[in-house]
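Reading through the structure tokens given below for one structure.
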Amino acid sequence: MIKSKNKIKIFTVLSVLFSLALLVSEPLYAKAPTTFLAPGYQSINTDVQKSLIPAGFLINELKTDENKIVEVKPGFDQLETRYKSAFVSVAVEPQRYNLTDMVDYLKNSEVVADSVKLRHIARMKKLELINASGDTQYGEYYKKYVMTPILICPFGSGGCAMSHSSSYMGYKSNIEYFFNSYIKITDGIAKVADRIKNDTLCLGFAHENAHAMMLDMYLKDWRLLRSVSTSGHDGPIVSDRHMAYTEGWAEAFEAIYGQLNPLLLKESEREKYAISEFQFTRQDPVRRDRYIWQNYKGKKSGILKNGLQLISTEGAVAGLFFDIMTSRKIESPFLKSITVMYKYKPSDFIQFIKCWVKEFGADKQVLYRILLEETRYVTMSNEARKLYYDYYQAGVKFKQGKLDKNASELIRNKWLTFKEELFKKAMQSDNIDSNIGPDLWINLKIPSKDNKPDRDENINISLFEPENWLLNKFEAAGITEAEVLEFIKAREAVGVLPYKTATEALEAILGAEKTAAFKAKYKASDMTE
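Quick note: the sequence shown, position 468, residue 1084 per the numbering used here, numbers continuous.
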């Protein structure tokens, strides 16, 4: 422990400068993202004009009596999909289906062109990994698959999405394509025509294409990423660690491409046009802090989410991915990400970081610094939450004239010294998630208003959910607000609950009788992943 005041000041300055050097990325990249995400792959011959195919399926959209669904062919096609069956797809003429504006927009967008190129680069990296494994037959198959176009489905409704459904085009013909997914681009809350006018459709494409890149690496192992949260998702919302990982990845790429494409709409319109909140907050460190605070709305407090809540918040994970991808200290971050996903199949962001360090140990210091600085070291220590809160409040009181400079600096230095000691421990032990507890999910069946059992609504909640979710459900089962708040207080005090199931935790804190009443009311059952 450093005791000299001068040493503390020097140590503090160096710590801050080093952190900034690792975390700060360029405000705007004038160049295409592939040039810094995968600099060694610029010679890849990708033609966006040929790489996007608007298509329909012989099931609903094209109204045909032909065979609608076929079995996925045995062999490597089955490796490249999650399913045993596939649709039969056909290319459609844009003019015939009034798709000319959409197709022209996509094929002439700089963002879309670079995102398409990035998808092909990801597959090329996967091919290298397949060949390195010694599986020459799979390698020969995948060599032909690398440049497979991206299927666009413009039929239906619901907005932009990436579907895992497979399809064949030119089935049993001389020229045949097999697709393991497609990107749906249809009218949703906002019309496609409006998204073309305000130039946001390209960002929606980049988001969904990022999901597709992840699917290319996981395929059947996507089951590891199954989301259990039923509370919806958005930047600051706590969902679950799997959803935050997959959505955070996609939102990071939406934001990376957003640097090429300044938004022409107000933030109040973002939900209408399906633009992630992170797109607006990525360059604002004060607003990005909102993702790590428990009360992301209203007055700033400095009270941080706990470790599990943080890695279950997609805005926080998007910020981490964004800073990794734009870090000047990491070489070829995208290619390394693809390598980690293909070889290790991590199921959440913490696993992603651990697998990266296992594969690319030279990046350890930079990755740990990004993770721990942005999460305020809460993933490692519950004490970090308390000291950060003291530090934050001391800063507020100093600015208000309620605390003198010396007292403020003492609190600040205590926080800075503590976190640097934690960083040293992380580098030595790799225990970056010691303050992330078990999820403790429980399934509830909310009775329908007409009391028909077959209409019960399934709700999944975690005992680490924010306060308002727990209050609403527990109070209805006869557990008082005071008891729920006492449970939350106990949870927040320890950071990690020492229980294997939600039932075990509830019985220990609320008692067996009240837990039984709660479970009976909602037909509740523990969920294990």
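We put the beta carbon where it would ideally sit given N, CA and C, even for glycine.
Leaving aside the five residues before and after residue i along the sequence, list all residues of the same chain whose C-beta is less than 7 Å from its C-beta, in chain order.
{"i": "Asp1142", "result": "Ile1058, Thr1117, Ala1118 and Thr1119"}
{"i": "Ile660", "result": "Lys733, His736, Ile737 and Met740"}
{"i": "Asn1051", "result": "Gly923, Val994, Thr995, Met996, Ser997, Asn998, Gly1111 and Val1112"}
{"i": "Gln1009", "result": "Gly918"}
{"i": "Phe692", "result": "Tyr754 and Tyr757"}
{"i": "Leu1126", "result": "Ile1095, Glu1099 and Phe1103"}
{"i": "Leu926", "result": "Ile908, Ala932, Thr991, Val994 and Thr995"}
{"i": "Leu1019", "result": "Ala1010 and Lys1013"}
{"i": "Ile946", "result": "Ile940, Asp979 and Val982"}
{"i": "Ala777", "result": "Lys800 and Glu824"}
{"i": "Ser773", "result": "Thr802, Asp803 and Gly804"}
Might you give, ordered along the chain, the residues of its own chain that have their beta carbon closer than 6 Å to the beta carbon of residue i, omitting 5 neighbours on each side?
{"i": "Ala648", "result": "Asp730"}
{"i": "Val640", "result": "At Val640 the pLDDT is 42, less than 50, meaning the model places this residue with poor confidence; the figure from the coordinates comes in the next sentence. Closer than 6 Å at the Cβ level, and outside the excluded window around Val640, lies no residue."}
{"i": "Leu817", "result": "Arg811"}
{"i": "Leu644", "result": "Legend: pLDDT at Leu644 = 40, less than 50; position of this residue unreliable, no value from coordinates given."}
{"i": "Val629", "result": "Low per-residue confidence applies at Val629: pLDDT is 42, beneath 50, and the placement is therefore not dependable enough to give any value."}
{"i": "Phe976", "result": "Lys952"}
{"i": "Phe950", "result": "Leu653 and Ala654"}
Hey, how far is the Cα of residue i from the Cα of residue j?
{"i": "Thr1096", "j": "Val933", "result": "34 Å"}
{"i": "Lys1013", "j": "Ala1023", "result": "10 Å"}
{"i": "Lys919", "j": "Phe1034", "result": "A small fix is needed here, since residue 919 is Ile in this sequence, not Lys. Spanning the two alpha carbons is a distance of roughly 17 Å."}
{"i": "Ala1048", "j": "Lys1040", "result": "First, the amino acid is wrong: residue 1048 is Ile here, not Ala. Each residue's Cα considered, the two are about 11 Å apart."}
{"i": "Asn998", "j": "Ala1109", "result": "8 Å"}
{"i": "Lys1137", "j": "Leu1060", "result": "9 Å"}
{"i": "Thr1131", "j": "Trp909", "result": "30 Å"}
{"i": "Val982", "j": "Trp838", "result": "28 Å"}
{"i": "Lys689", "j": "Leu653", "result": "35 Å"}
{"i": "Met1043", "j": "Gln875", "result": "33 Å"}
{"i": "Lys974", "j": "Asp1046", "result": "10 Å"}
{"i": "Ala1128", "j": "Phe1134", "result": "10 Å"}
{"i": "Tyr757", "j": "Ser845", "result": "37 Å"}
{"i": "Glu1123", "j": "Ile1075", "result": "20 Å"}
{"i": "Ala834", "j": "Met957", "result": "The residue you asked about is not Ala; residue 834 is Tyr in the sequence shown. Roughly 7 Å between the two C-alpha positions."}
{"i": "Arg985", "j": "Tyr787", "result": "50 Å"}
{"i": "Ile853", "j": "Glu930", "result": "7 Å"}
{"i": "Leu936", "j": "Tyr861", "result": "10 Å"}
{"i": "Tyr657", "j": "Tyr1005", "result": "45 Å"}
{"i": "Leu1079", "j": "Asn911", "result": "17 Å"}
{"i": "Arg898", "j": "Ala866", "result": "Low confidence applies to Arg898: its pLDDT is 45, below 50, so where it sits in the model is not reliable, and the reading given next is rough at best. For Arg898 and Ala866, the distance between alpha carbons rounds to 14 Å."}
{"i": "Val719", "j": "Lys800", "result": "13 Å"}
{"i": "Asn814", "j": "Glu1037", "result": "48 Å"}
{"i": "Gly775", "j": "Leu722", "result": "15 Å"}
{"i": "Ser843", "j": "Met859", "result": "5 Å"}
{"i": "Cys971", "j": "Ile954", "result": "11 Å"}
{"i": "Val728", "j": "Lys1021", "result": "52 Å"}
{"i": "Phe1090", "j": "Asp1055", "result": "18 Å"}
{"i": "Gly1053", "j": "Pro1114", "result": "8 Å"}
Taking the alpha carbon of residue i as the reference point, which residue from the options has its own alpha carbon closest?
{"i": "Ser963", "options": "Leu840, Ala671 and Tyr798", "result": "Leu840"}
{"i": "Leu674", "options": "Gly750, Phe771 and Leu1026", "result": "Phe771"}
{"i": "Arg989", "options": "Gln1009, Trp1031 and Gly786", "result": "It should be noted that the sequence gives Glu, not Arg, for residue 989. When only C-alpha atoms are compared, the closest one is Trp1031."}
{"i": "Pro670", "options": "Ile768, Pro655 and Lys689", "result": "Ile768"}
{"i": "Leu668", "options": "Phe795, Pro1054, Leu926 and Ser1045", "result": "Phe795"}
{"i": "Ala871", "options": "Gly820, Thr846, Tyr907 and Tyr834", "result": "Gly820"}
{"i": "Lys959", "options": "Ile946, Gln694 and Met830", "result": "Met830"}
{"i": "Gln967", "options": "Arg857, Pro949 and Glu726", "result": "Arg857"}
{"i": "Ser797", "options": "His823, Ser773, Asp832 and Met763", "result": "Asp832"}
{"i": "Thr764", "options": "Leu987, Glu696 and Pro1054", "result": "Glu696"}
{"i": "Lys700", "options": "Val686, Arg712, Gln711 and Ala1121", "result": "Val686"}
{"i": "Ala1093", "options": "Tyr761, Lys836, Val727 and Ala1140", "result": "Ala1140"}
{"i": "Phe703", "options": "His780, Glu744 and Tyr713", "result": "His780"}
{"i": "Lys742", "options": "Glu1091, Lys760 and Glu1025", "result": "Lys760"}
{"i": "Tyr713", "options": "Asn747, Gly672 and Ser705", "result": "Gly672"}
Just grab the DSSP bridge partners of residue i for me.
{"i": "Thr764", "result": "Note: Thr764 sits in no beta bridge, so no partner."}
{"i": "Gly672", "result": "Val706"}
{"i": "Tyr758", "result": "In DSSP, Tyr758 forms no bridge with anything."}
{"i": "Thr929", "result": "Val854"}
{"i": "Tyr798", "result": "Ser779"}
{"i": "Leu1056", "result": "None, per the DSSP bridge assignment."}
{"i": "Leu920", "result": "Trp909"}
{"i": "Glu687", "result": "Ser701"}
{"i": "Cys769", "result": "Lys800"}
{"i": "Ile1077", "result": "Ile1058"}
{"i": "Ser1141", "result": "Asn1059"}
{"i": "Ile785", "result": "Note that residue 785 is Met in the sequence shown here, rather than Ile. Bridge partners of Met785: Ser705 and Tyr793."}
Can you give me the Cβ contacts of residue i inside the same chain, cut-off strictly under 8 Å, excluding the 5 residues immediately before and after it?
{"i": "Val902", "result": "With a pLDDT of 38 at Val902, under the threshold of 50, the predicted position of this residue should be treated as unreliable, and no value is reported."}
{"i": "Val732", "result": "Thr662, Val664, Ser667, Leu668, Ile766 and Asn825"}
Mind checking whether the beta-carbon of residue i lies closer than 7 Å to any heavy atom of the ligand FAD?
{"i": "Val762", "result": "For the structure depicted, the ligand FAD is absent and the ligand set is empty, with no information on it obtainable."}
### Task
Jot down the residue ranges of each uninterrupted alpha helix (DSSP H) in the region 972–1041, minimum 4 residues, whole runs only, in chain order.
980–990 and 998–1015
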